[in-house]
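Scroll down for the structure; my scribbles are underneath it.
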Amino acid sequence: MTDHLFNLHGDVLAAMRRGPKHFTKLAFALSEADEPADTELSHFRDRIAVAGPGDELTALWHRTLTSWDLAEQADWSDAPPRTDARRTDTYNRLGFGADLRKALDGAVPVFKEPGPTVISEEFTSWYSRDSAAARSFYWNSYEQLLRRKGWSDAAVAGLDEASHAVVERLSDPTRTEAYGARGLVVGYVQSGKTANFTGVTAKAMDAGYRLVIVLGGTLNLLRDQTQRRLDMELIGQENILRGADPSDPDALVGIDYQDDEDWPAKFVSHGHRPFNIERLTTRDDDYRSLRQGIGALEIEKREKHLPLYVPDNLHRAAARVMVVKKNKSVLTNLVKDLRKIGPILREIPTLIIDDESDQASVNTSDPKKWESGQTKRTAINGLISELLGLLPRAQYVGYTATPFANVFIDPSDGEDIFPRDFLISLPRPVGYMGVQDFHDLDGEGTAEETHVRGIHDDTGDRLQEAMDAFVLTGALKLYRADRGVPEGPFRHHTMLVHESVKMDDHADLALRINTQWHKAGYTSHEGHARLEKLLVDDFAHHADDGLPTPSAYADLRPYVSRARQLINAGGNPVVVVNGDTDRYFSQIDLDFDRTPNVWKILVGGTKLSRGFTVEGLTVTYYRRTTRQADTLMQMGRWFGFRPGYRDLVRLYIGREEPLTKTQTVDLYEAFEAICRDEETFRSQLSRYAELVDGKPQVTPAQIPPLVSQHLPWIRPSGRNKMFNAELVEIRSPGQWVEPTAYPTDGADLRHNAEVWLPALESLSQDISAFVTLSEDDQGSYVRYPAKTAILSHAQLLSIMSSLTWGRPDLFAPHLAYLNDASDAGCATDDWALILPQTSGRTSVAAGILGAQPLTLVQRKRNARGVFNRISGVSHRQSAERIAGIRPLCDDDPFATQFHRPRRGAVLLYPVTDPDLGDLAGHVTRGTIDPAKVVMAMAFIPAAGPIGRPSPCLRFRTANPGKADSPIVSIRTEK
């Protein structure tokens, strides 16, 4: 039966390409004469109210509302995206009443997850939503494929926005003057960056880019994966067949994928298309030379007397795509062939996508060894530079999860790949297991308890337990698949063991695991008893309530037998992965695309640490020590998407691993510190991404100081003039500033206590009781007592200026801001000093240098010797009321009493390290040695005059073109 209501709404929404319009007026104009009732909104409301799963009308509105919610550029609304205010503007434009709004909000909640963060130079707008919609064949096809794969409306709309943000910052392919943009897209480890650059490629080709070069890894294995993914999801059957009859076996000789189990069912089919895509590489063949001769790039022009980039020529020409390995001989052949092309080369709008752009692509040669000021490039970097020189209309977009090497490239080197035009940080995708799922970054939560199993000296190596967990989780996947959970994600089931970088160690470890496997007795009573105990003590306790989990081990036992058989297929459960040649990888048959089921324990790690997704990874056993942050970060293979089994993921990680003969390292803590720094870097980008008066606060050339502030111990790949950049001021009205790099030397700690002593002596003897209210307005609250004082701005500035820091360069930008108390500076006249106090059996108070007793707190330093967090989350709310960030509240009277215009707040804590022992053991006759106390604090300056944060950065940099030039100050502010 025809769904007239759905058809009408489809027509009406199709007419709203530029944004929402009055629905009823438009519906009346488009409705058929015999269906006037369909224009009544009451019918629509009733339909939405009772709609079940799969209702087409609800799905249509879900897609549409979500796209409007997420649109970064909306001429029809001043409200920011992903907010209730944006949705309200949408309803107002549509003319919807309260009842219909309520029904739609229930069916389509506002998607409020963050979008991409963009740091960009100003650019000329050419790729509007209208122009994108006018030419969107390949993007529309890709979007439909993603929906068929099960992507949510929010995920598709998010990809649409993120890829649009990239393409609009490329050069207009039809512009007369050649310009090559340089950009960088930063994702998360194993987070789906390929989907983003596939979307970018689709939109770029639709817009007129006619040569796409994808630099896809350093091994054929990685290049082949990228080629197959693009062929399957974007290029499609017709462009692969190139006119060959799919029913004629003779015509299919030499055509890709005839032996692929997913061909043709899972390969997109386009039917009629506005232009063809010609592949210059195939699944099995990397670029050697142009297979069809040089003519393959001599693109035919309809108007031969006009350049290719003229629209009449450009939009009728076929696009060329090649996926190329980052290999010297391969790229050399490509450059040689391009040199033969002739003048047409300068007319071809080209897109170069560099996957894992911080690997091999960055120039790592030492500038000190360059002769006569001539830049000497490493092989791959030099060849990429030649490509960019040969293709003046080439746009370079790098993709990586570890961006620091890229942003430290010398921006004054115009022939290099520094992202001078834009840097886009992609949001954490929905469903992605990342750092927050393995680390309780705020000190609260169950991430560590659920997923992390520490290896300590007193636990033994726990290798057998990890192997048992691998068998048990395999059985649980099979159990779930039999009970309706989609089994696609269970096709592969893997365990990664990484203890050492040495190949000899890998062989020994593989032998040990193989021996241990065959002695594990998985068919014996003892083996089943061990697995049953692990199920009861661990996996049943942390199981996802929404997924099938057996109530008794007896129900799982048949699946244990099947899991053991799959893992032991071929007689060996272990695969050593440490080769560095394509031949090696083909021998071990580790191809997750072509192999039906990979259920194995993988030993190694380094060769799988970048660009290669370990499918089905469920148990990781990690004990390798390293001093390199990027190395450790790329080892985070346990990050990724785990649909249907995220509750089963386990990380066995060394907590006391030897680093030197006398020093051990906590790998879990070290990894958390690196991830925390990366998250801080991302949050800094987000903070300064907002335009001020239509101008960017920070440009890509000013990003390195943000990196140096938070990751000073990571050595960038190249030494260049960018290291002269120094962040000298961070304005942060209404923003928390929480220094964490305090000294460790006892004399420095005593000095800091003496600096704080006048403030401690000014504390009131009376207690102020502050109140923290529930954020979800549920009526709950937390009350905490505190000692308080009021410090003038001059007093606090004197204290801050006199303190000794473990990393003074980290606090210097904040101190520079505090030095300016004017309206243009921190705009703070005085400060409420708050020292939270506790009571109870475990509370310990002590006097410091003769001041009144104060509650001591314990905070642990991480692997770098800095604290992860100082202030208690529950202590911040009252301080924010005092500083004018939150509205005053009758339930928090002391905060109201302390609030004044232009008053900030300081939370101060006498901190001791738990590694030094019990708190009470530090106190002697009611006092504590100040050499054992870190006077740690967090402060929040007064809010700006309109009650909103107004952030600003000020940089100091030496002119990169003149080594002896004076320092230049650059200020960006609101």
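Numbering (the numbering used here), first residue to last: -9 to 964.
Note that CB positions come from ideal geometry on N, CA and C, so glycine has one too.
Since this is a predicted model, take the numbers as computed values, not measurements.
What residue does the alpha helix (DSSP H) around histidine 741 start on, and which one ends it? Element bounds for histidine 741: 736 to 751.
With a threshold of 16 other CB atoms inside 10 Å of the CB of serine 161, please say whether the residue is buried or exposed. Sixteen is the threshold: when 16 or more other Cβ atoms of the shown chains lie within 10 Å of the Cβ of serine 161, as they do, the residue is buried.
Considering glycine 388, what are the terminal residues of the beta strand (DSSP E) in which it resides? For glycine 388, the enclosing beta strand (DSSP E) starts and ends at 384 to 390.
Leucine 304 versus Val325, Thr603 and Pro339, residue with shortest Cα-Cα distance: Ranking Val325, Thr603 and Pro339 by Cα distance to leucine 304 puts Pro339 first.
Within 10 Å of its beta-carbon, does glycine 708 have 16 or more other beta-carbons around it, so buried, or fewer, so exposed? Reliability fails at glycine 708, whose pLDDT of 33 lies under 50, so the model's placement of it is uncertain and no value is given.
Among Arg383, Lys183, Leu50 and Tyr899, nearest to arginine 849 - alpha-carbon criterion: Taking each of Arg383, Lys183, Leu50 and Tyr899 in turn and checking the Cα distance to arginine 849, the smallest one comes out for Tyr899.
Compare the beta carbon distance of proline 417 and proline 104 with 8 Å and say whether it is the shorter of the two. Cβ distance < 8 Å, so proline 417 and proline 104 count as in contact.
Using DSSP with H/G/I as helix, E/B as strand and the rest coil, what is asparagine 949? Note that asparagine 949 scores 35 on pLDDT, short of 50, meaning its location in the model is unreliable; the coordinates nonetheless yield the value given after this. In the structure shown, asparagine 949 falls within a coil segment according to DSSP collapsed to helix, strand and coil.
Among Asn186, Leu135 and Arg383, which has the Cα closest to the Cα of valine 156? For valine 156, the nearest C-alpha among the options comes from Asn186.
With DSSP as the reference, label alanine 152 as helix, strand or coil. Helix at alanine 152.
Under the three-state DSSP convention, the category leucine 649 falls into: Here leucine 649 sits in coil by DSSP.
What whole-angstrom Cβ distance do serine 754 and alanine 779 have, given they're in contact under 8 Å? Rounded, the Cβ-Cβ distance is 6 Å, consistent with contact.
Helix, strand or coil: how does DSSP classify phenylalanine 101 here? In the structure shown, phenylalanine 101 sits in coil (DSSP, three-state: anything other than H, G, I, E or B).
Along the chain, which unbroken stretches of the alpha helix (DSSP H) at least 4 residues long are found entirely within the region 797 to 873? Those alpha helix (DSSP H) runs which fall completely within the region 797 to 873 and span 4+ residues are 798 to 808 and 866 to 872.
Threonine 608 - containing beta strand (DSSP E), residue span: Where threonine 608 is concerned, the enclosing beta strand (DSSP E) stretches over 607 to 612.
Quick check: the Cα distance between glycine 244 and isoleucine 230, rounded to an integer number of angstroms? When the Cα atoms are used, glycine 244 and isoleucine 230 turn out to be separated by approximately 11 Å.
If you draw a straight line from the C-alpha of proline 350 to the C-alpha of histidine 446, how long is it? Before going further, note that residue 350 is alanine rather than proline in the sequence given. Taking the straight line joining both Cα atoms gives about 37 Å.
Can you tell me which of Val896, Leu897 and Leu878 puts its alpha carbon nearest to the alpha carbon of histidine 889? Ranked by how close their Cα comes to the Cα of histidine 889, the residues Val896, Leu897 and Leu878 have Leu878 in first place.
Write down the C-beta distance between serine 868 and alanine 885 rounded to the nearest angstrom, noting that I regard them as a contact closer than 8 Å. Between serine 868 and alanine 885, the beta carbon gap of about 4 Å places them in contact (Cβ cut-off 8 Å).
Nearest CA to the CA of proline 883: which residue from Leu31, Val550 and Leu763? The shortest C-alpha separation from proline 883 is found at Leu763.
Starting from arginine 470, trace the beta strand (DSSP E) both ways and give me its first and last residue. Looking at the DSSP string, arginine 470 is not in any beta strand (DSSP E); the run it does join, the alpha helix (DSSP H), is 453 to 471.
Quick check: the region 131 to 138 against the region 428 to 441, are at least 3 beta-carbon pairs closer than 8 Å? By the Cβ test, the region 428 to 441 is not in contact with the region 131 to 138, since fewer than three Cβ pairs between them sit closer than 8 Å.
Cβ pair tryptophan 589, histidine 483 closer than 8 Å: For tryptophan 589 and histidine 483, yes; Cβs fall inside 8 Å.
Tell me the DSSP secondary structure of phenylalanine 265 in three-state form. Residue state, collapsed to three classes: coil.
Output the distance between the C-alpha atoms of leucine 55 and proline 409, rounded to the nearest integer angstrom. One C-alpha to the other measures close to 34 Å.
Tell me which same chain residues have a C-beta within less than 8 Å of the C-beta of alanine 5, skipping the five on either side of it? Sequence-distant partners of alanine 5 (beyond 5 residues in either direction) whose C-beta falls short of 8 Å from its own C-beta, in its chain, are Lys11, Leu16 and Leu20.
Give the C-beta separation of glutamate 59 and proline 71 to the nearest angstrom, bearing in mind that I take them to be a contact with Cβ-Cβ under 8 Å. The identity of residue 59 in the sequence shown is aspartate, whereas the question assumes glutamate. So it is a contact: roughly 6 Å between Cβ atoms.
Where does serine 792 fall in DSSP's three states? In this structure, serine 792 counts as helix in the three-state DSSP scheme.
Alpha-carbon spacing of serine 259 relative to isoleucine 875, whole angstroms: Whole-angstrom Cα-Cα distance: 54 Å.
Nearest to glutamine 426 by CA position, among Phe412, His441 and Leu413, is which residue? Nearest C-alpha to glutamine 426: His441.
Could you tell me whether the region 911 to 928 touches the region 838 to 852, using the rule of 3 or more Cβ pairs below 8 Å? They touch, by the three-pair rule.
Is the beta carbon of valine 550 closer than 8 Å to that of glycine 594? Not closer than 8 Å, so no.
Any idea which residues DSSP pairs isoleucine 918 with across the strands? Paired residue(s): Val913.
Taking all protein chains shown into account, do 16 or more other C-beta atoms lie within 10 angstroms of the C-beta of glycine 372, making it buried, or fewer, making it exposed? The residue in question, glycine 372, is buried, as its Cβ has 16 or more Cβ neighbours within 10 Å.
Own chain residues within Cβ distance below 8 Å of isoleucine 296, not counting five before or after: First, the residue type needs correcting, since residue 296 is leucine and not isoleucine in the sequence shown. Hits under 8 Å: Asp302 and Asn303.
Could you check where the beta strand (DSSP E) with proline 883 kicks off and where it finishes? Element bounds for proline 883: not the beta strand (DSSP E) but the alpha helix (DSSP H), 883 to 888.
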